[in-house]
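All letters in the sequence shown, in the order written, are residues 8 to 64 by our numbering.
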Amino acid sequence: MVHRGKGSARLMAQICPKCNTENQDGALHCRRCGAALTPTAAPGRCPQCGADLLPDS
Numbered sequence: 008m009v010h011r012g013k014g015s016a017r018l019m020a021q022i023c024p025k026c027n028t029e030n031q032d033g034a035l036h037c038r039r040c041g042a043a044l045t046p047t048a049a050p051g052r053c054p055q056c057g058a059d060l061l062p063d064s
């Protein structure tokens, strides 16, 4: 998922693992290639600030 915008008005987008197209948050299939998208809660991001977390941290 990608964070866009500033402050608390951040929008989330899902990136297709097959074609790298940005899709709306919550989409089940890619709008470009139709590949299945798995909803994620951004497991590699800090829930408070959204910063990327290091693996195994």
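Beta carbons are placed, not taken as given, at the ideal position from N, Cα and C, and that holds for glycine.
Coarse secondary structure for residue i, derived from DSSP in three states
i, result
"GLN21", "strand"
"GLN55", "coil"
"ASN30", "strand"
"ALA42", "coil"
Buried versus exposed, by CB contacts within 10 Å (16 or more), residue i
i, result
"LEU44", "buried"
"GLN21", "buried"
"CYS23", "buried"
Residue i CB to nearest heavy atom of the ligand COA below 7 Å
i, result
"GLY33", "Looking for the ligand COA in the displayed structure turns up nothing, as the structure carries no ligands at all."
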